[in-house]
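A.B. asks: Its first residue numbered 33, the sequence shown is counted upward by one per residue in this note's numbering.
Handing you this structure, nothing more for now.
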Amino acid sequence: MEQQSWHILIVEDDQRLAELTREYLQGNGLNVSIEMDGAQAAARILREQPDLVILDLMLPGEDGLSICRKVRGQYEGPILMLTARTDDMDQVLGLEMGADDYVYKPVRPRVLLARIRALLRRHEGAEAPAPTERRRLQFGPLVIDSAMREAWLGEQAIELTSAEFDLLWLLTSNAGRILSREEIFNALRGIEYDGQDRSIDVRISRIRPKIGDDPMHPRLIKTVRSKGYLFVAEAAESLGPAEV
């Protein structure tokens, strides 16, 4: 996909901010539309299927969290949540609703553009894996297919957001190797880890129960103190029927 064909939908009720953001992004080769009414946003996202959505948290008509939750099952593109609030719980809720990234206002235009490009490159690469790339991994009853972007535990399909799938694939394709938060952050977002972002930890906590891991005493995805995360293939291969 050529950058010039990327369609970005900004859902933002601050008209001046939305117009300035559109002007900057269009000046950098992106095709940008604006929606200011939260009540209309979900229908428009599903109708237009933009390549990426910049979604404000606080909107008239319907808030960003509700919109994200409503569209996530039928919209596969990246959702970049934008807000002036700095409460960690807002970030956690946004990620749990299916957002792929979270940016606080005010954000420098160049930083926003870098986040957008990183999300689009990651999503584009996920849609078209290289011919030589290994596309399916299996650890006992756990199967992850990168071509189909689906995972199963036994015969049961696992419901994962796009960001959760990317993280699970990264961990399982590096089974037996500790991945630091810096490595994970860079691999999934293409930017450096700032030492404060909690999105990786939130996604790990959501993935664990979905793949049959015990959130309180994890055996499949282990937290290695001061180092990062480790996917233990042997633990996944030994999952019994009761755990599946």
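All residues carry an ideal CB built from backbone N, CA and C; glycine is no exception.
(1) Under the rule that 16 or more other beta-carbon atoms within 10 Å means buried, what is L78, buried or exposed?
(2) Contact between the region 83–101 and the region 109–118: three or more CB pairs below 8 Å?
(3) So, is A179 buried or exposed, given that buried needs 16 or more other C-beta atoms within 10 angstroms?
(4) So for I23, helix, strand or coil by DSSP?
(5) Is E94 helix, strand or coil when you go by DSSP?
(6) When you compare each of E67, A116 and G105 to E94 by their alpha carbons, which one comes out closest?
(7) Just to confirm my understanding: we take A162, look at its own chain, exclude 5 residues before and 5 after, and list those with CB closer than 6 Å. What are they?
(8) Are L211 and Y261 close, meaning C-beta to C-beta below 8 Å?
(9) R251 and A196 - do their beta-carbons sit closer together than 8 Å?
(10) Straight-line CA distance for A131 to R140?
(11) Hey, R101 and M129: beta-carbon distance below 8 Å or not?
(12) Cutting at 6 Å between CB atoms, please list the residues of its own chain near L127, excluding the five before and the five after it.
(13) Would you list the one or two residues that DSSP bridges to A183?
(14) If you run the structure through DSSP and keep just helix, strand and coil, what is N63?
(15) What separation, rounded to the nearest whole angstrom, lies between the Cα atoms of G208 and H155?
(16) Please state the DSSP three-state secondary structure of A71.
(17) Pull up the distance between the alpha-carbon of S194 and that of L200, whole angstroms please.
(18) With burial defined as no fewer than 16 other Cβ atoms inside 10 Å of the residue's Cβ, what is the status of T189: buried or exposed?
(19) Is R140 helix, strand or coil by DSSP?
(20) Please classify D246 as buried or exposed, where buried requires at least 16 neighbouring CB atoms within 10 angstroms.
C.D. replies: Reading off the structure:
(1) exposed
(2) Short answer: they touch.
(3) exposed
(4) As displayed, the chain neither begins before 33 nor continues past 276, which places residue 23 out of reach and without an answer.
(5) Three-state DSSP puts E94 in coil, outside helix and strand.
(6) E67
(7) Its pLDDT being 45, under 50, A162 is placed unreliably in this model, and the value from its coordinates should be taken loosely. Within the same chain, A162 has no close Cβ partners at all.
(8) yes
(9) A small fix is needed here, since residue 196 is Glu in this sequence, not Ala. Going by C-beta atoms, E196 is not nearer than 8 Å to R251.
(10) 20 Å
(11) yes
(12) S231 and V234
(13) I176
(14) Of the three classes helix, strand and coil, the one that applies to N63 here is strand, per DSSP.
(15) 26 Å
(16) If DSSP states are grouped into helix, strand and coil, A71 belongs with the helices.
(17) 10 Å
(18) First, the residue type needs correcting, since residue 189 is Ala and not Thr in the sequence shown. Label assigned to A189: exposed.
(19) coil
(20) exposed
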